[in-house]
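Mapping to my numbering: the sequence shown position 97 is 104, numbers consecutive.
No residue lacks a Cβ here, since even glycine has one placed at the ideal position from N, Cα and C.
Comments concern the structure below.
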Amino acid sequence: HSFTYLEEGQIKRRVIKFSHETAIRRAKRFYKLNEERMGGEWLALLDYCSPNVLKTYQAIAIDHNSGRYILVDAAEVQRMFDDPRERKGKGYKLIGTVSEYVKGAKTLKERMPIGGIREVQAIHSLAKQLLSAVSAIHAKGIMHRDIKPPNILVTPDGTLKLFDFGFSCYLPLDPPLIGRFFCPGSLATVAPEVLVRKRKKSDYSYYDHKVDCYSVAATIVWAAKGSEYYFYTRNFAEIWKIVASGTKTLSSVAKGERLDADIQGVVANLSIRDPEERHTAYRVLKRYLDPGKMEKKPNTLSFESAKPPSNSGCMIQ
8 HSFTYLEEGQ IKRRVIKFSH ETAIRRAKRF YKLNEERMGG EWLALLDYCS PNVLKTYQAI
68 AIDHNSGRYI LVDAAEVQRM FDDPRERKGK GYKLIGTVSE YVKGAKTLKE RMPIGGIREV
128 QAIHSLAKQL LSAVSAIHAK GIMHRDIKPP NILVTPDGTL KLFDFGFSCY LPLDPPLIGR
188 FFCPGSLATV APEVLVRKRK KSDYSYYDHK VDCYSVAATI VWAAKGSEYY FYTRNFAEIW
248 KIVASGTKTL SSVAKGERLD ADIQGVVANL SIRDPEERHT AYRVLKRYLD PGKMEKKPNT
308 LSFESAKPPS NSGCMIQ
């Protein structure tokens with residue numbers, strides 16, 4: 008929902024997002040702010056210094072000390088993130104957020120042309136902006152864990168904005184990784200190491216921020232193909248088996264779609280099966296989509312110039 012208000016004589020507009028009560032009950036640790044940890048939508052309020060991450064200004068929370076609904080500014084959340092002592096005794100539970108409003112913005116899934124984004128410049132812009140957003144959140148030690156076209160806004164001027172941090176968590180590089188035992192996000196973009204389960208709970212594989220890198224590659228392939236079923240099946244169990252076993256890869260799909268050589272390199276390096284070998288978002292951004300390579304390619308995503316195959320029907324404007 009959006010609302011308008013008057014500030015210093017100027018009309019401003021914001022978007023309110025309320026978390027579902029059922030989600031709060033299932034994952035209380037993501038919505039409660041305490042000294043030990045911080046996660047979920049709270050992390051949307053951090054200052055990522057990136058135009059490709061949706062700006063969130065305030066959190067709507069319940070203060071258990073007073074029982075009142077309160078607004079918590081993003082700057083205060085940033086302070087509490089930087090210093091765990093600032094979270095001591097706060098007792099907040101998140102129920103919603105107040106974010107920037109972009110008139111005419113739609114999700115990437117809604118804006119995709121039928122038949123996918125076929126124009127080279129548009130795919131380059133999509134990859135560059137999404138990698139910029141992911142590099143920014145990873146620089147703060149944040150895993151998004153749900154990167155996919157429905158969670159990426161496209162503004163009328165072609166700027167991408169990553170949003171929906173509901174599954175996000177803070178992953179400090181020191182101390183070592185802690186176990187992750189559930190599968191967040193969409194099966195269409197989830198990394199293979201998240202799906203792998205061993206016989207004993209103690210043998211469960213760990214995963215880190217590299218899961219986001221795989222999701223970026225999957226999102227690029229999804230956008231190029233125009234469908235999340237890029238492994239040519241809609242069967243849930245078959246998709247799970249393909250991703251977990253590696254019988255088909257995102258790299259092979261990218262080659263099959265005859266994507267630009269640089270984009271094939273982006274997809275291949277972001278989706279390497281072994282997460283230790285998989286490249287970081289920042290490394291891929293600099294290697295394949297640096298300013299020199301992008302000199303003649305726009306920094307915004309244009310759907311007006313994207314031409315789907317002749318048999319794909321009309322494109323979504």
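- By the Cβ-count criterion, Asn158 is buried, with 16 or more other Cβ atoms from all chains shown falling within 10 Å of its own Cβ.
- Around the CB of Pro163, fewer than 16 other CB atoms lie within 10 Å, so the residue is classed as exposed.
- The C-beta distance from Tyr108 to Ala68 rounds to 21 Å, too long to fall under 8 Å, and the pair is not in contact.
- Straight through space, the alpha carbons of Thr240 and Ala231 are spaced by roughly 17 Å.
- The DSSP-derived three-state label of Ala112 is coil.
- Under the three-state reduction of DSSP output, Thr104 falls in the strand class.
- A Cβ-Cβ distance of about 4 Å is found for the pair Leu296 and Lys135, placing them in contact under the 8 Å criterion.
- For the options Ile130, Pro58, Asp80 and Ala140, the alpha carbon positioned closest to that of Gln271 is the one of Ile130.
- For Val218, the enclosing alpha helix (DSSP H) has its first and last residue at Lys217 to Lys232.
- Here the alpha carbon of Gln65 sits roughly 43 Å from the alpha carbon of Lys255.
- When C-alpha distances from Gly122 are compared across Glu284, Asp219 and Tyr237, the shortest belongs to Tyr237.
- Bounds of the alpha helix (DSSP H) holding Ile249 are Phe243 to Ser252.
- In its chain, beyond the 5 residues on either side, Leu40, Met45, Glu93, Arg94 and Lys97 have a beta carbon closer than 8 Å to the beta carbon of Met87.
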